[in-house]
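> Residue numbers (UniProt numbering), protein chains in the order written: chain C, 1 to 673; chain A, 1 to 157.
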Amino acid sequence: MDLGVKPVSFTSSSASWKSADGVPDQFPAGLRVLVVDDDPTCLRILEKMLKNCLYEVTTCNRAEVALKFLRDNKNGYDIVISDVHMPDMDGFKLLEHVGLEMDLPVIMMSADDSKNVVMKGVTHGACDYLIKPVRMEALKNIWQHVVRKKKHEWKEKDFEQSGSVDEVERQHKPPEDVDYSSSANEGNWKNSKKRKDEEDEAEERDDSSTLKKPRVVWSVELHQQFVTAVNQLGIDKAVPKKILELMNVPGLTRENVASHLQKYRLYLRRLSGVSQHQNGLGSSFMGPPDAPFGPMSSLSGVDLQALAASGQLPPQSLATIQAAALGRAATKSAIPVPLIDQRNIFSFENPKLRFLDGQQQQNNNSKQVSLLHGIPTNMDSKQLATLHQSAQSFGSMNMHVHSQASQSNSLLTQMVQPPSRAQILNEINGSHALNLPSSAGQPVLSQAVPNAVLGQNGIENVRRPAFTSVSQPSTVVDFSRSQSTEFPENSFSLVSNSGISNLTSKLQDEVNSEMKASRGFVPNYDVFNDINQNRTQDWRLQDVRSTFEAQQHSNGRGSLDVSSSVLIQQQFSSNQKSGQNRIPPVRKAAFSVADGLGNTSNIGQQLSSSLVDNPSRIKAERLPDMGFQNGLFSEHFGQEDLMTAILKQQQGGMEPIENEFGFDGYHLDNLPV
Amino acid sequence: MEGHQLQHQAACMRKALFDQGYLDDQFLQLEDLEDEANPNFVEEVVKLYYSDSARFIRNIELTLDKNPFDFEKLDDIMHQFKGSSSSIGAKKLKTECTQFQEYCKIGNFEGCMRTFQEVKQEHAVLKKKLESYFQVFLLVHVYNCVYVCVDVHFVTN
């Protein structure tokens, strides 16, 4: 796909990225990408490819370093690309961290294309999975993940500002934009259905200012009519069209009914599974003696969906309830549904609030804390974190909630959830030793979320932040704890000798030091001298390749392989001080001028121009002016001789002509005529 | 000295590398990445690969020597090596790596040993071929530069 990227300088600030509709003109140029891969070859290739896409690239070869970069520069990157298999940290772990802490889109890469690994990427929340070797085409389009995510965030922020229920409900809109992969059938993806429900609700509920249709409020009466119609038809046979007919409500559309039906079905299904769990919980919550609520058990179950559908319960909170209930992985059925009189639920407002009060008193803080997950006031991830942190001020939250009738409902419904949710979470995530009541919900939740199948990329991006960030404080700790214990296991098992550890540590150094500059500097083959980095020396010492002997750094001489003698780069690199000078006098375009080597590129150009302008004056002695070591050009040999020798070598075997030519620069005086 | 001859030679070598299955599309991707700022990108990457990949070979040898039946580890190392090799478009080498991994999966030590020799062989052969190729490539450039200089020389004198 042709992005039509304009070759504009990619120094767009992050601010421009976050503008309303997100996208500045030179987009996607300037996209700030962080690439993490322990393989230096792949890393280099990726870097070049990304640069060719006009992205701003930062590379690192260790996950810890990557995390450090990300943490130190919270808004410094737009997207992360990471290899799956890394010595210091599993790529999926990094993925989780990034999702939790920075909430950036992460693309996973691997040479492994087996389904389970790809699935793992998906479940951990990767927004894409690339198979190595990565092609340019695959990288060109990564910007879409950034836009998608930003679109979400933007909309969420927009919603917060408005602060109305409608806005809140509208927050669910983004998912539909992002729902490009309907993962309804994926393994653990029960959410997806809920998502669709929410989306539908959002569509229905949305304010006229944003939406096409007027909001349908499923009032008690309306819902009763609906239920009646459904029962009449039989739940299995109830189709929206018929229900609509039976209900005979003017202005109600088939779509309204359809989505409501969906939710109702889900609710019923959940009820049947939940009944065991619930009873104890439900009753404890159902205590409130509020008259308006009437007998709790008058209805066999609360239609959570109905609640949501009724408009009293913002779709978003429904989503959060569903999602929060660990939704993803677990157990729709495990979500406790309060046994509240359905009718009563619909008669909102004050009675509800009172009910909530009662509920609150019954719940301990720990449970309330987890309720905050669902508080729809702030669906923004950061907001949720704030909510989490303000758990103590739940009362104030409640006050806030009171002001919004619909939200009180969500609190209501959510309040009953946490305990079982926490239980479920704990059960599900037995491996996570997070049994603190107050934190149980969140950390487990957040871990469950990434571990569960976070199938749909776009949706996930919306959901995940909502939950993972809330648990940020504790989870980060947990992760790091678990990480530290895992490190020994994950440590590069290949590091079996000092050479390799030198290699990895030096590679790290390389990453840190060389990331910016000296790109043009090319390490030689094992055989050839590579003086630019000492580590190569280490490697070579241990390199026992029969064909390619280890070379001595110092003398800069070529290997037995004659062809090496011809490579000017060898000579230069062997004589370089900084490792950045790579301008053989005779090469013009062929000179490898590194990106950051402005100086040498000038030199190269000087050389080229001087070659052209004044060939007769080009002598070896001129070159030292450029700062190259004198020895570089001290030897003279005929161009002709060189060519002949090389050709001979090409045709024949390996002739020891290295002595003839050495590794020094060409002497241009004897140009063949 | 015929520059055309050199160029022709370079082109033939390149074609042979592809025709004989040493290189695949990924190499083309690398070539596409070359530009004025990075005129020797392919060579640079190949060199980087060869200086890095030695450790994989080494590690497999060590493992075969010390923990010969640690197939998981062998497979793991080979997986990384394969990933690296595939990134420069080393087709034949990649095939041998896959074969090695197959033997690892079924726990066939003999098969692993045999295939590993193939891997080493392919690794070395490709290295030589690429080195030769780059040299000729370089010569073409050298020749072109020299040629230009000669021309100018004659023009100015």
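C-beta: ideal position from N, C-alpha, C; glycine also. In this text, all values refer to a predicted model and were calculated from it rather than measured experimentally.
#1: How big is the Cα-Cα spacing for residue 168/A and methionine 89/C?
#2: Along the beta strand (DSSP E) that carries isoleucine 45/C, what are the first and last residues, could you check?
#3: Excluding the five sequence neighbours on either side, which residues of its own chain have a C-beta within less than 6 Å of the C-beta of aspartate 75/A, listed in chain order?
#4: Who are aspartate 72/C's beta bridge partners in DSSP?
#5: Does the beta-carbon distance from glutamate 96/A to glutamate 72/A come in below 8 Å?
#6: Just to confirm my understanding: we take leucine 233/C, look at its own chain, exclude 5 residues before and 5 after, and list those with CB closer than 6 Å. What are they?
#7: Compare the C-beta of phenylalanine 116/A against all C-beta atoms of chain C and say whether one is closer than 8 Å.
#8: Does the distance from the C-beta atom of threonine 59/C to that of valine 98/C stay below 8 Å?
#9: Interface residues of chain C around leucine 64/A at Cβ under 7 Å?
#10: What is the residue span of the beta strand (DSSP E) that glutamate 56/C lies within?
#11: List the residues of chain A that lysine 132/C touches, going by C-beta distances under 8 Å, in chain order.
#12: For the alpha helix (DSSP H) that contains leucine 244/C, what are its first and last residues?
#13: Comparing the C-beta of leucine 17/A with each C-beta of chain C, is any distance below 8 Å?
#14: Can you tell me the Cα-Cα spacing of histidine 153/A and tyrosine 133/A, whole angstroms?
#15: Can you check whether the C-beta of asparagine 75/C is within less than 8 Å of a C-beta belonging to chain A?
#16: Here's a check: name, in chain order, each residue in its chain whose Cβ is nearer than 6 Å to the Cβ of alanine 258/C, leaving out the five neighbours to either side.
#17: Can you look up alanine 90/A in the DSSP assignment and give me helix, strand or coil?
#18: Please confirm if histidine 152/C has its CB atom under 8 Å from at least one CB of chain A.
#19: How far does the beta strand (DSSP E) with methionine 109/C in it reach, from first residue to last?
#20: Are any of the Cβ atoms in chain A nearer than 8 Å to that of alanine 63/C?
#21: Mind checking whether the beta-carbon of lysine 241/C lies closer than 7 Å to any heavy atom of the ligand NAP?
#22: Methionine 49/C touches chain A at which residues, Cβ-Cβ below 7 Å?
#23: Nearest CA to the CA of phenylalanine 56/A: which residue from Ile131/C, Asn141/C, Asp38/C?
#24: Using a Cβ cut-off of 8 Å (strictly closer), state whether asparagine 108/A contacts chain C.
#25: Can you find the residues in the same chain that come closer than 7 Å, C-beta to C-beta, to lysine 94/A, ignoring five residues on each side of it along the sequence?
#26: Within 8 Å of any Cβ in chain A, is that where the Cβ of arginine 269/C sits?
#27: I'd like the list of long-range same chain contacts for tryptophan 143/C, defined as Cβ closer than 6 Å, with 5 residues on each side in sequence excluded.
#28: Taking its Cβ as the centre, do 16 or more other Cβ atoms sit within 10 Å of glutamate 489/C, making it buried, or is it exposed?
#29: From leucine 17/A to leucine 130/A, what distance separates their C-alpha atoms?
#30: Determine which residues share a DSSP beta bridge with valine 36/C and list them.
#31: Just to make sure I have the definition right: I need the residues of chain A whose C-beta is within less than 8 Å of the C-beta of methionine 136/C. Which are they?
#32: Could you tell me which residues DSSP puts in a beta bridge with isoleucine 131/C?
#33: According to the Cβ coordinates, are serine 82/C and leucine 100/C closer than 8 Å?
#34: In the DSSP output, which residue or residues are listed as bridge partners for leucine 95/C?
#35: Which of the three DSSP states, helix, strand or coil, is assigned to leucine 130/A?
#36: Within 10 angstroms of its Cβ, does asparagine 61/C collect 16 or more other Cβ (buried), or is it exposed?
Result, derived from the coordinates:
#1: Outside the shown range of chain A, which is 1 to 157, sits residue 168/A, and nothing can be said about it.
#2: For the purposes of this step, residue 45/C is identified with residue 45 of the first sequence, where counting begins at 1. Premise fails: isoleucine 45/C lies in the alpha helix (DSSP H), 40–52, not in any beta strand (DSSP E).
#3: The sequence position of residue 75/A within the second sequence is 75, counting from 1. The answer, listed in chain order, is Gln101, Cys104.
#4: Counted from its first residue, the first sequence places residue 72/C at position 72. Beta-bridge pairing links aspartate 72/C to no other residue.
#5: Taking the first residue of the second sequence as position 1, residue 96/A is located at position 96. Taking the first residue of the second sequence as position 1, residue 72/A is located at position 72. Taking 8 Å as the Cβ cut-off, glutamate 96/A and glutamate 72/A do not qualify as a contacting pair.
#6: The sequence position of residue 233/C within the first sequence is 233, counting from 1. Shown here for leucine 233/C: same chain residues with a beta carbon closer than 6 Å to its own, the five before and five after excluded, namely Lys242 in chain order.
#7: What you label residue 116/A is simply residue 116 of the second sequence in a count that begins at 1. So no, phenylalanine 116/A is outside the interface.
#8: Against the first sequence, residue 59/C aligns to sequence position 59. Against the first sequence, residue 98/C aligns to sequence position 98. No.
#9: Locating residue 64/A in the second sequence gives position 64, where the first residue counts as 1. Correct list: empty, because the minimum Cβ distance to chain C is about 12 Å.
#10: In the first sequence, counting from the first residue as 1, residue 56/C sits at position 56. 56–60 is the extent of the beta strand (DSSP E) around glutamate 56/C.
#11: Numbered from 1 along the first sequence, position 132 holds the residue referred to as residue 132/C. Against chain A, a Cβ distance below 8 Å from lysine 132/C picks out Gly83, Ser86, Ser87.
#12: Looking up residue 244/C in the first sequence gives position 244. Looking at the DSSP string, the run of the alpha helix (DSSP H) that includes leucine 244/C is 240–247.
#13: As a working note, residue 17/A is residue 17 in the second sequence. It does not; no Cβ of chain C falls within 8 Å.
#14: Your numbering for residue 153/A matches position 153 in the second sequence. Your numbering for residue 133/A matches position 133 in the second sequence. Taking the straight line joining both Cα atoms gives about 30 Å.
#15: Working through the first sequence from its first residue, we reach residue 75/C at position 75. Output row for asparagine 75/C: interface = no.
#16: For the purposes of this step, residue 258/C is identified with residue 258 of the first sequence, where counting begins at 1. Exclusion of the five residues before and after alanine 258/C leaves Pro240 as the residues of its chain whose Cβ lies within less than 6 Å of its Cβ.
#17: Indexing the second sequence from 1 puts residue 90/A at position 90. Strand at alanine 90/A.
#18: Locating residue 152/C in the first sequence gives position 152, counting from the first residue. No, histidine 152/C lies away from the interface with chain A (no Cβ there is under 8 Å from its Cβ).
#19: Here residue 109/C corresponds to residue number 109 of the first sequence, with the count starting at 1. Segment 106–110, the beta strand (DSSP E) holding methionine 109/C.
#20: By 1-based counting over the first sequence, the position of residue 63/C is 63. Cβ-Cβ to chain A under 8 Å: no for alanine 63/C.
#21: Only the bare structure without any ligand can be found here, which leaves the ligand NAP out of the picture.
#22: For the purposes of this step, residue 49/C is taken as residue 49 along the first sequence, with counting starting at 1. By Cβ distance, chain A contributes Leu33.
#23: Residue 56/A sits at position 56 when you count from the first residue of the second sequence. Nearest of Ile131/C, Asn141/C, Asp38/C to phenylalanine 56/A, Cα basis: Asp38/C.
#24: Taking the second sequence and counting its residues from 1, the one referred to as residue 108/A is at position 108. No - not a single Cβ of chain C is within 8 Å of the one on asparagine 108/A.
#25: Position 94 of the second sequence, counted from the first residue, corresponds to residue 94/A. Cβ neighbours of lysine 94/A beyond the five flanking positions: Lys82, Ser85, Ser86.
#26: In the first sequence, residue 269/C corresponds to position 269, counting from 1. Closer than 8 Å: no.
#27: Residue mapping note: residue 143/C aligns to position 143 of the first sequence, counting from 1. For tryptophan 143/C, where only same-chain residues beyond five positions count, the Cβ hits under 6 Å are Pro28, Leu31.
#28: As a working mapping, residue 489/C is identified with position 489 in the first sequence. Residue placement at glutamate 489/C cannot be trusted, given a pLDDT of 39 that sits under 50; what the coordinates show is reported in the next sentence. By the 10 Å Cβ count, glutamate 489/C comes out exposed.
#29: Working through the second sequence from its first residue, we reach residue 17/A at position 17. Working through the second sequence from its first residue, we reach residue 130/A at position 130. Their backbone Cα atoms lie some 8 Å apart in a straight line.
#30: Along the first sequence, one-based indexing puts residue 36/C at 36. Beta-bridge pairing links valine 36/C to Cys60/C, Ser82/C.
#31: Stepping through the first sequence from its first residue, residue 136/C is reached at position 136. The contacting residues are Gln29, Asp32, Leu33.
#32: Residue numbering aside, residue 131/C sits at position 131 when the first sequence is read from its first letter. Checking the DSSP bridge columns, you'll see isoleucine 131/C partnered with Ser110/C.
#33: Counting from one through the first sequence, the residue named residue 82/C turns up at place 82. Counting from one through the first sequence, the residue named residue 100/C turns up at place 100. Not closer than 8 Å, so no.
#34: Taking the first sequence and counting its residues from 1, one reaches residue 95/C at position 95. According to DSSP, leucine 95/C bridges with nothing at all.
#35: Against the second sequence, residue 130/A aligns to sequence position 130. Note: leucine 130/A maps to helix in three-state DSSP.
#36: Within the first sequence, numbered from 1, the residue matching residue 61/C stands at position 61. When all chains shown are included, asparagine 61/C counts as buried.
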